[in-house]
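Trainee:
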Amino acid sequence: MRLILAELKKIKRHYLLSFSMIIVLFSALLAMFQLVAASGTVRGYLPLTDGIIWNNTTLAFPFLITFFGGFLINREFIDGTLKSNLIIPISFPKLKLTKIIVTGLATVMFCFVSLVCSFVFSIILHYPMNMGDISIAAKKILITGMCCYIAVIPIILLFTAKRNSFLAGALVAFVYGFCGIFVADTGLTSWYPTTTGLTIISYNPDLLSYHLPVAIVVLTVCVGLSLLICFKKKEVLI
Numbered sequence: 006m007r008l009i010l011a012e013l014k015k016i017k018r019h020y021l022l023s024f025s026m027i028i029v030l031f032s033a034l035l036a037m038f039q040l041v042a043a044s045g046t047v048r049g050y051l052p053l054t055d056g057i058i059w060n061n062t063t064l065a066f067p068f069l070i071t072f073f074g075g076f077l078i079n080r081e082f083i084d085g086t087l088k089s090n091l092i093i094p095i096s097f098p099k100l101k102l103t104k105i106i107v108t109g110l111a112t113v114m115f116c117f118v119s120l121v122c123s124f125v126f127s128i129i130l131h132y133p134m135n136m137g138d139i140s141i142a143a144k145k146i147l148i149t150g151m152c153c154y155i156a157v158i159p160i161i162l163l164f165t166a167k168r169n170s171f172l173a174g175a176l177v178a179f180v181y182g183f184c185g186i187f188v189a190d191t192g193l194t195s196w197y198p199t200t201t202g203l204t205i206i207s208y209n210p211d212l213l214s215y216h217l218p219v220a221i222v223v224l225t226v227c228v229g230l231s232l233l234i235c236f237k238k239k240e241v242l243i
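Here the sequence shown is numbered in our numbering, starting from 6 and rising by one per residue.
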């Protein structure tokens, strides 16, 4: 817990948070413009949140979460704090796990900001909403966001073994998420890690190819793979 609190203090006023908020805002703005520009589509609060969920899942979150988590771990290389682990008994895997947990907390914050954006933009566009709609939107945004988080943890861990390699990981994660555009609304939605959240929330109720057990198994495999990568070596690598 002390390590987590220390990490939260480090990023409290860091530009990484501002950068992250800009990406989340861009995702929501894009959804708003897409909805307004589209002709013959149903408009309203829930359709807007569906657009935000889609953009988060396929464009923003895989890249953002990977960049955020990778940046936190990479700082240990840049700041030279890994050397202190030779004196202070904190293993690098434990340090990585702490930063992954902090990234998860940040993902919850990203989801909350997305929800706030949906609320504000709906007021601007005069879309009616109620507490029931907001509750549904909050649940969907959070579930899909956390599924993206779980899906990219292996990428974060794989691309933080060396200094500055997290940038390549962020690029891989962007492509990884972007490919979800072609997977969603197909029979592979439940099998593709970043789109498992769409299955869990039944993003498209008319689609019959959602398989909840498959999505849960895929996410479980991602968690297991992440733990395997994180703890495969116990020594600190300098």
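By construction, the Cβ of each residue, glycine as well, lies at the ideal position given by its N, Cα and C atoms. As the structure is a computational prediction, the values presented were derived from the model and not from experiment.
1) Measure the alpha-carbon distance for Phe236 versus Tyr154 and round it to whole angstroms.
2) So which of Phe179, Val180 and Leu213 has the shortest CA-CA distance to Thr194?
3) For the putative contact between Ser119 and Val29, defined by C-beta atoms under 8 Å, what is the C-beta separation to the nearest angstrom?
4) Helix, strand or coil: which one does DSSP assign to Ala189?
5) Out of curiosity, what's the CA-to-CA distance linking Ile161 and Gly75?
6) Going by DSSP, what residue range makes up the alpha helix (DSSP H) through Pro218?
7) Out of curiosity, what's the CA-to-CA distance linking Leu69 and Thr225?
8) Within 10 angstroms of the Cβ of Val223, are there 16 or more other Cβ atoms? Answer buried if so, exposed if not.
9) My output table needs one value for Ile139: the three-state DSSP class, helix, strand or coil.
10) Between the segment 44-63 and the segment 198-212, can you find at least three pairs of beta-carbon atoms closer than 8 Å?
11) In chain order, what residues of the same chain lie with their CB nearer than 8 Å to the CB of Ile146, ignoring the 5 residues before and after it?
12) Considering only C-alpha positions, which residue in the set Leu13, Ile129 and Thr112 is nearest to Phe38?
13) Quick check on Asn79: does DSSP put it in helix, strand or coil?
14) Please state whether DSSP places Arg7 in a helix, a strand or coil.
15) Helix, strand or coil for Ile206? Go by DSSP, reduced to three states.
16) Determine the direct distance from the alpha carbon of Leu21 to that of Ala142, and round the result to whole angstroms.
17) What does the Cβ neighbour count give for Ala189, buried or exposed, with the cut at 16 atoms within 10 Å?
18) By the 10 Å Cβ neighbour count, where 16 or more other Cβ atoms means buried, how is Thr191 classified, buried or exposed?
19) Is it buried or exposed for Arg7, if we count other Cβ within 10 angstroms and need 16 for buried?
20) Within its chain, find whatever has a CB closer than 7 Å to the CB of Ala33; leave out the 5 residues flanking it on each side and keep chain order.
21) If you reduce the DSSP assignment to three classes, tell me which class Gly49 lands in.
22) If Val219 and Trp196 are in contact, beta carbons under 8 Å, what's the gap, nearest whole angstrom?
23) When you compare only the Cα positions, how much space is there between Pro210 and Val180?
Mentor: Quick answer:
1) 19 Å
2) Leu213
3) 6 Å
4) coil
5) 6 Å
6) Leu217 to Cys235
7) 22 Å
8) buried
9) helix
10) yes
11) Thr54, Ile57, Ile58, Asn61, Cys116, Ser119, Leu120 and Ser123
12) Ile129
13) helix
14) helix
15) coil
16) 26 Å
17) buried
18) exposed
19) exposed
20) Ile57, Ser119, Cys122, Ser123 and Phe126
21) coil
22) 6 Å
23) 26 Å
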